[in-house]
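Read the structure below first, then the notes.
Residue numbers (this note's numbering): 129 to 227.
Here it is as structure tokens:
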């Protein structure tokens, strides 16, 4: 149940353009995720992993992903809530009396 760590290096001579592009995209995706996990760990007090072993590392990663999903869900709920509040305050069906 080990984890294979792949470090980007020079592409093989036998690699096709498609294989080179696929490897490059995989490393770019990983590089895009690492800062997000770092910010989540800092903001949600997940800096130190108190769970030991391979399972602890996996649980810590799942908790970071859960925190990210909850953050996105809360932003969406806030957006919906504010939409209904503004819609209620600025209704167009108010009756205005002209004098």
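We put the beta carbon where it would ideally sit given N, CA and C, even for glycine. None of the values given here were measured: they were computed from a predicted structure.
- Message: Tell me whether the segment 199 to 208 and the segment 174 to 181 touch, counting them as touching only if at least three CB pairs, one residue from each stretch, are closer than 8 Å.
- Response: no
- Item | Three-pair Cβ contact test at 8 Å for the segment 184 to 197 versus the segment 158 to 168 | Contact between the segment 184 to 197 and the segment 158 to 168 is present, because at least three Cβ pairs lie under 8 Å.
- Message: According to DSSP, is residue 154 part of a helix, a strand, or is it coil?
- Response: In this structure, residue 154 counts as helix in the three-state DSSP scheme.
- Item | residue 177 (DSSP reduced to helix, strand or coil) | coil
- So, residue 177 versus residue 188, is the Cβ gap smaller than 8 Å? yes
- Message: Once DSSP output is grouped into helix, strand and coil, what is the label at residue 166?
- Response: helix
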